[in-house]
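Notes for the one structure printed next.
Numbering (this note's numbering), first residue to last: 46 to 278.
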C-alpha cells in the first residue's frame, strides 16, 4: 500500500464530487512482442509475480508493473489557487475556502483569481479528494462494459430515450472500431468520445492496453482519512 498523487481534469473532478466516477483508465506501459499481432483478439493480461504479463497461447510481452495496487491511497490533484490568490480582499470567499480555490467548482471568484495553478503543481496539503483503491486490472481499452463506462463518470441525460454524455463534449458521433456510429445513446460510446477528446482522435482505434483502477471516493484530504476510519469503528 502506498500514497500517490493522481491528476484529473475539471469535468472528472465534478464527476468524482457528484459520486458518478468510481473508475479510471490509464495507459499501461507494455510493449507487445514484434512477432505477435497486437490486434489478436485472444490476448489477455494475467498477473505474474508482482506484476502483469500479456499472453496469447504463449507469452506476448515481457512482465511489467503497474503503478497502482489495492489498498493504495490516491490524493487527487486538480487546477487550483491558494487562498492568497484573490485579487481583492473578500472575507466571505476566504471563509468558504478551506485549502484554496478549485477551478472545477466554477465559483463566483473565478474571475477574481490572479492566477490558477496547474494540477501537477498541487501539493498534498491542498488536495480535497482522496481515492481508496479497491480493484486493479489490465485490459484492452475497447473491452470496457456499459457499467464500467458509466463508472468512468459519463452523465445520463434524462431525455426520451435517455442518453449518456460527457459534460463539455457533445456526442454527435464517434468512430468506434472503424465504424461511424451515432454517439451518446450508450455509456461506452460516450466514454470513447471522451477518450478521443483527451488522447487524440485515433487513440480509441489503437485499442491500447490500459490499467483499470476502481476506487471509493472520499471528499477529504488524504491526511484526514485515518482519524475518520478510527471514528467509524
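Note that CB positions come from ideal geometry on N, CA and C, so glycine has one too.
C-alpha gap between residue i and residue j, whole angstroms
i: residue 99; j: residue 241; result: 24 Å
i: residue 235; j: residue 199; result: 7 Å
i: residue 63; j: residue 89; result: 33 Å
i: residue 171; j: residue 125; result: 8 Å
i: residue 57; j: residue 86; result: 30 Å
i: residue 116; j: residue 167; result: 23 Å
i: residue 269; j: residue 259; result: 21 Å
i: residue 146; j: residue 127; result: 6 Å
i: residue 113; j: residue 84; result: 26 Å
i: residue 280; j: residue 162; result: No statement about residue 280 is possible, as the shown extent of the chain runs from 46 to 278 and does not include it.
i: residue 75; j: residue 183; result: 11 Å
i: residue 232; j: residue 65; result: 12 Å
i: residue 110; j: residue 245; result: 25 Å
i: residue 55; j: residue 195; result: 17 Å
i: residue 46; j: residue 179; result: 11 Å
i: residue 181; j: residue 49; result: 15 Å
i: residue 59; j: residue 251; result: 28 Å
i: residue 263; j: residue 187; result: 29 Å
i: residue 61; j: residue 150; result: 12 Å
i: residue 81; j: residue 247; result: 21 Å
i: residue 91; j: residue 157; result: 51 Å
Beta-carbon proximity list for residue i, same chain, < 7 Å, skipping 5 on both sides
i: residue 214; result: Because the pLDDT of residue 214 is 43, which lies under 50, any placement of that residue in the model is unreliable, and the number read from its coordinates should be weighed accordingly. So the list reads 238, 239, 242, once near-sequence residues are dropped.
i: residue 52; result: 122, 164, 165
i: residue 189; result: 233, 236
i: residue 72; result: 253, 255
i: residue 78; result: 105, 106
Assumed close pair residue i, residue j - CB separation to whole angstroms, cut-off 8 Å
i: residue 266; j: residue 173; result: 6 Å
i: residue 175; j: residue 120; result: 6 Å
i: residue 261; j: residue 177; result: 5 Å
6 Å CB neighbourhood of residue i in its chain, flanking five on each side removed
i: residue 108; result: 93, 96, 98
i: residue 70; result: 255, 257
i: residue 197; result: 68, 236
Beta-bridge partners of residue i, as assigned by DSSP
i: residue 126; result: 146
i: residue 48; result: 118
i: residue 111; result: Bridge partners of residue 111: none, in fact.
i: residue 175; result: 120, 263
i: residue 180; result: 259
i: residue 197; result: 66
beta-carbon residue i near the ligand ATP non-hydrogen atom, thresh 8 Å
i: residue 93; result: As for the ligand ATP, it is missing from this structure, which has no ligand bound.
Own chain partners of residue i with C-beta closer than 8 Å, once the 5 adjacent residues on each side are dropped
i: residue 191; result: 231, 232, 233
i: residue 6; result: Residue 6 cannot be examined here, being either before or after the span of the chain that is shown, 46 to 278.
**Study point:** Entirely enclosed beta strand (DSSP E) segments - the region 67-109, minimum 3 residues
**Key:** 68-72, 89-93, 96-100
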